[in-house]
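Chemist: One structure, pasted below without further comment.
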Amino acid sequence: MFFVAQRQLGYPWFWIVSVLMLALVWSLSDWVLQVILVLGIALGATLNYFIFGFTSGWRRFFAEGRTEGIRAQIVMLFIASLLFTPLILIGQIGDQTFQGLVRPVSSSVLVGAFIFGLGMQLAGSCSSGTLNRVGQLLPLSLLTFAFMFVGGLMGAYLYEDWVNWPTLAPFSFNDVAGGLGILISLALLVVSYWGFRQLEKNRFQQVEPLFGRKIYASRALPWHPFLIAAILLAVLNFAVFVFSGQPWSIASIFSIWSIKFSDWANLGLDWPFWEIMTLYETRVDRPILNDPVSLTSIGVILGALWVTLWHRRAVNTMPMNPKTLLGGIVGGILMGLGATLSYGCNIGAFFSGIASGSLHGWVWIFAAVLGNWVGFKLMTRT
Numbered sequence: 001m002f003f004v005a006q007r008q009l010g011y012p013w014f015w016i017v018s019v020l021m022l023a024l025v026w027s028l029s030d031w032v033l034q035v036i037l038v039l040g041i042a043l044g045a046t047l048n049y050f051i052f053g054f055t056s057g058w059r060r061f062f063a064e065g066r067t068e069g070i071r072a073q074i075v076m077l078f079i080a081s082l083l084f085t086p087l088i089l090i091g092q093i094g095d096q097t098f099q100g101l102v103r104p105v106s107s108s109v110l111v112g113a114f115i116f117g118l119g120m121q122l123a124g125s126c127s128s129g130t131l132n133r134v135g136q137l138l139p140l141s142l143l144t145f146a147f148m149f150v151g152g153l154m155g156a157y158l159y160e161d162w163v164n165w166p167t168l169a170p171f172s173f174n175d176v177a178g179g180l181g182i183l184i185s186l187a188l189l190v191v192s193y194w195g196f197r198q199l200e201k202n203r204f205q206q207v208e209p210l211f212g213r214k215i216y217a218s219r220a221l222p223w224h225p226f227l228i229a230a231i232l233l234a235v236l237n238f239a240v241f242v243f244s245g246q247p248w249s250i251a252s253i254f255s256i257w258s259i260k261f262s263d264w265a266n267l268g269l270d271w272p273f274w275e276i277m278t279l280y281e282t283r284v285d286r287p288i289l290n291d292p293v294s295l296t297s298i299g300v301i302l303g304a305l306w307v308t309l310w311h312r313r314a315v316n317t318m319p320m321n322p323k324t325l326l327g328g329i330v331g332g333i334l335m336g337l338g339a340t341l342s343y344g345c346n347i348g349a350f351f352s353g354i355a356s357g358s359l360h361g362w363v364w365i366f367a368a369v370l371g372n373w374v375g376f377k378l379m380t381r382t
């Protein structure tokens, strides 16, 4: 990121927010939590500054046949897989244990990921993209963000209906041949990269290069900004893994924050979901600022806000009309519901899941892409 002090001196809110962010970091009781919040801020700043989006990558592929966004995501997954695998195989350093995001492969994953993908295109953003756009102070994304919690509550309420759907046990490629099984996942990524590159080449006779000088924000970059963002996100996710013991994820906040609000408002949402789901049982009573997943999510919003106040530019946003308003509401509900049913979103299930060697991550993205395609068709109907 390029720091130009002369441009920032005229932005009082930039400095005010910077001071408040430092105060928040300093207020945390543990230095590890401070680092995790800073990493979240760096994730949000990266997403915003380089305009890196999961939803937009698929939307551009469906609309134009361009694949640079998807190929950058694949590079990100490849790097993260290489970084994660040794940590997962080691398992523990001192008192810190390391556990990848490996979830069951079930019917609910297929349904939930499809619903989530559909919601991505209806709302125009995914989980991380919504947090990023909340930091950009975009009204439609604030609405989508609120309704993602409604969807998360729906998933928790319906828990007893979907938990017993057909399920396969969690499977990780890292458990095959002493960790060498991750080579299968890496090979799938290489084939996927080549396949998307060929699709673009066949259509346009040339491919938008990721490796090569690129003019961005009036500056010459050594590589495509999407590639730079992909590398930074992979490294930052690895850092989150090192300090928190598990990779970056977001989806669980839609349920965790909802039940905390319920307790505060005495709504009485005492459902079996909170007691049975081991993913949540140790976190319900934990303060939000002591929860690594919550901290990174808050950090993403703050990092995106920081860049918004510093690097003012025209923002690519959806116009506010009845269609996009309905899409934002319905899309938010579908993403919150889908993330709960499928044990993750584009970050926890797709990014961190595949990087952890989880078969669940591959199944998730397959269903989510189908949902994205349906959502794209719905949003582009005249």
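Residues in the sequence shown are numbered from 1 upward in steps of one, following our numbering.
Glycine residues also receive a C-beta, built at the ideal position from the N, C-alpha and C atoms.
Given the structure is predicted, the values throughout are model-derived calculations rather than measurements.
So if DSSP puts Trp-223 in a beta bridge, which residue, or which two residues, is it bridged to?
Modeler: For Trp-223, which the question treats as bridged, DSSP gives the partners Phe-211.
Chemist: Using a 10 Å radius around the Cβ and a threshold of 16 neighbouring Cβ atoms, would you call Thr-296 buried or exposed?
Modeler: Result: buried.
Chemist: Provide the residue span of the alpha helix (DSSP H) that contains Ser-128, from first to last.
Modeler: 127-135 is the span of the alpha helix (DSSP H), which, as asked, contains Ser-128.
Chemist: Could you check what DSSP says for Leu-168 in three-state terms: helix, strand or coil?
Modeler: Reduced to three states, the DSSP call for Leu-168 is strand.
Chemist: Return the chain-ordered list of same chain residues with a C-beta closer than 6 Å to the C-beta of Gly-112, the five sequence neighbours on each side being excluded.
Modeler: So the qualifying residues of the chain are Gly-338, Leu-341 and Ser-342.
Chemist: In whole angstroms, give me the CA-to-CA distance for Leu-227 and Leu-305.
Modeler: Between Leu-227 and Leu-305, the C-alpha separation is close to 22 Å.
Chemist: When DSSP builds the beta bridges, which residues end up paired with Ser-106?
Modeler: Per DSSP, Thr-167.
Chemist: What does the alpha-carbon distance come out to for the pair Leu-24 and Leu-180?
Modeler: Between Leu-24 and Leu-180, the C-alpha separation is close to 42 Å.
Chemist: Which term fits Met-120, buried or exposed, when burial requires 16 or more other beta carbons within 10 angstroms of its beta carbon?
Modeler: By the neighbour-count rule (16 or more Cβ atoms within 10 Å), Met-120 is buried.
Chemist: Note down, in chain order, each residue of its chain lying with its Cβ closer than 7 Å to the Cβ of Ser-258, except the 5 sequence neighbours on either side.
Modeler: Within the same chain, Ser-258 has close Cβ partners Phe-149, Gly-152 and Leu-153.
Chemist: Going by DSSP, what residue range makes up the alpha helix (DSSP H) through Ile-256?
Modeler: Unbroken alpha helix (DSSP H) run through Ile-256: 253-265.
Chemist: Given this structure, state the Cα-to-Cα distance separating Ile-365 from Leu-82, to the nearest angstrom.
Modeler: Answer to the nearest angstrom: the Cα atoms are 20 Å apart.
Chemist: With Val-176 as the anchor, note down where its alpha helix (DSSP H) starts and where it stops.
Modeler: Per DSSP, Val-176 belongs to no alpha helix (DSSP H) and is neither H nor E.
Chemist: Roughly how many angstroms lie between the CA atoms of Ala-314 and Gly-135, to the nearest whole one?
Modeler: Interpretation of Ala-314 is limited by its pLDDT of 49, a score under 50 that renders its predicted location unreliable; no figure is taken from the coordinates.
Chemist: Using only the alpha-carbon positions, how far apart do Phe-441 and Pro-12 sit?
Modeler: Nothing about residue 441 can be read from this structure; the chain reaches only from 1 to 382.
Chemist: Is the separation between the beta-carbon of Asn-372 and that of Trp-58 shorter than 8 Å?
Modeler: Yes.
Chemist: Determine the extent of the alpha helix (DSSP H) in which Asp-95 is found, giving its start and end residues.
Modeler: Run containing Asp-95: none; DSSP gives neither H nor E here.
Chemist: Answer with buried or exposed for Ile-93, where buried requires no fewer than 16 other C-beta atoms within 10 angstroms of its C-beta.
Modeler: Result: exposed.
Chemist: Ordered along the chain, which non-local residues of its own chain (more than five positions away) have a Cβ less than 6 Å from that of Leu-402?
Modeler: A question about residue 402 goes unanswered here, because the residues of the chain that appear run from 1 up to 382.
Chemist: Please report the straight-line C-alpha distance between Met-379 and Gln-73, rounded to a whole angstrom.
Modeler: If you take the alpha carbons of Met-379 and Gln-73, they lie about 23 Å apart.
Chemist: Should Asp-291 go down as buried or exposed, given a rule of 16 or more other Cβ atoms within 10 Å for buried?
Modeler: That one is buried.
Chemist: Going by beta-carbon coordinates alone, are Glu-68 and His-311 separated by less than 8 Å?
Modeler: In this structure, His-311 does not lie closer than 8 Å to Glu-68 by Cβ.
Chemist: Within this structure, are the beta carbons of Ser-141 and Ser-125 separated by less than 8 Å?
Modeler: Cβ distance < 8 Å, so Ser-141 and Ser-125 count as in contact.
Chemist: Out of Val-163, Gly-65, Asp-161 and Ile-184, point me to the one whose CA is closest to Ser-172's CA.
Modeler: With distances taken between Cα atoms, Ser-172 lies closest to Ile-184.
Chemist: Start and end of the alpha helix (DSSP H) containing Asn-372?
Modeler: Looking at the DSSP string, the run of the alpha helix (DSSP H) that includes Asn-372 is 359-379.
Chemist: Determine the direct distance from the alpha carbon of Pro-247 to that of Gly-332, and round the result to whole angstroms.
Modeler: Each residue's alpha carbon lies about 24 Å from the other.
Chemist: Excluding the five sequence neighbours on either side, which residues of its own chain have a C-beta within less than 6 Å of the C-beta of Leu-110, listed in chain order?
Modeler: For Leu-110, where only same-chain residues beyond five positions count, the Cβ hits under 6 Å are Ala-367.
Chemist: I need the straight-line Cα distance from Val-163 to Val-240, nearest angstrom please.
Modeler: Near 29 Å, if we compare the C-alpha coordinates of Val-240 and Val-163.
Chemist: If distances are taken between C-alpha atoms only, which option among Trp-31, Phe-254 and Phe-84 comes closest to Tyr-384?
Modeler: In the structure as shown, the chain begins at 1 and stops at 382. Residue 384 is therefore absent and cannot be evaluated.
Chemist: Does at least one heavy atom of the ligand NAP sit under 7 Å from the Cβ of Ile-288?
Modeler: This structure simply doesn't include the ligand NAP, nor any ligand for that matter.
Chemist: If you check the beta carbons only, do Phe-358 and Leu-101 fall under 8 Å apart?
Modeler: Before going on, a small fix: residue 358 reads as Ser here, not Phe. It is a contact, given that the beta carbons lie within the stated cut-off.
Chemist: Looking at Leu-77: is its Cβ nearer than 8 Å to the Cβ of Phe-351?
Modeler: Against a cut-off of 8 Å, the Cβ pair of Phe-351 and Leu-77 comes out as a contact.
Chemist: Alpha carbons only, please: which of Ile-250, Val-242, Arg-60 and Gly-91 is nearest the one belonging to Asn-174?
Modeler: The option with the nearest alpha carbon to Asn-174 is Gly-91.
Chemist: Return the residue from the list Glu-64, Ser-108 and Ala-229 that minimises the CA-CA distance to Phe-211.
Modeler: If we check each option's Cα against that of Phe-211, Ala-229 comes out closest.
Chemist: When DSSP labels each residue in this structure, what does Trp-248 get in the three-state scheme?
Modeler: In this structure, Trp-248 counts as coil in the three-state DSSP scheme.
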